[in-house]
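Since the structure comes first, as structure tokens, the remarks are kept for the end.
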Amino acid sequence: MLHDISLPYLSLLSVVYEKAFLQIRMLTLMMYLVIVCPKCGKLLLAYSSQKTRVCPYCRKRIVVSEAVKVAKAESARDASIIIQKLKAK
Ligand SMILES: [Zn+2]
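Take a look at the structure:
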């Protein structure tokens with residue numbers, strides 16, 4: 350019977366989906382940080398999972414955990430809006 354054969358496959362599939370779902374959740378937990386370059390003082394974007402980030406303006410390697418964090422956002426889009434607002438000040 351088709352039902353008897355497909356059932357184990359379905360439970361296997363649900364495990365795979367559950368794992369994929371967890372990975373997506375992990376990704377969405379990643380935050381975008383707006384940090385200040387300690388050398389040139391410009392605002393730049395870093396991921397919360399990143400350890401270091403090279404400043405696009407002065408090429409300094411910034412340790413993200415040590416940098417001054419101005420704001421954090423849940424998406425790159427939100428983060429760029431925050432940067433635009435901060436720059437407009
Ligand atoms: Zn810089």
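All residue numbers for the sequence shown refer to the working numbering, where the first residue is 350 and numbers rise by one. Cβ atoms here follow ideal geometry from the backbone N, Cα and C, with glycine treated the same way. These numbers were taken from a predicted model, which means no experiment stands behind them.
Using only the alpha-carbon positions, how far apart do residue i and residue j sit?
i           : j           : result
residue 382 : residue 373 : 19 Å
residue 391 : residue 379 : 23 Å
residue 388 : residue 427 : 25 Å
residue 415 : residue 398 : 13 Å
residue 358 : residue 366 : 12 Å
residue 435 : residue 370 : 34 Å
residue 429 : residue 420 : 11 Å
From what residue to what residue does the beta strand (DSSP E) around residue i run?
i           : result
residue 402 : 401–403
Is the separation between the beta-carbon of residue i and that of residue j shorter than 8 Å?
i           : j           : result
residue 411 : residue 422 : no
residue 413 : residue 401 : yes
residue 393 : residue 404 : yes
residue 409 : residue 386 : yes
In the DSSP assignment, find the unbroken alpha helix (DSSP H) run with residue i in it and report its ends.
i           : result
residue 428 : 425–437
Should residue i be counted as a contact of ligand 2 given a C-beta to heavy atom distance under 7 Å?
i           : result
residue 412 : Looking at this structure, you won't find ligand 2 anywhere; what it does contain is ligand 1.
Quick one: residues with CB closer than 7 Å to any heavy atom of ligand 1, in chain order, please. 386, 388, 389, 391, 404, 406, 407, 409
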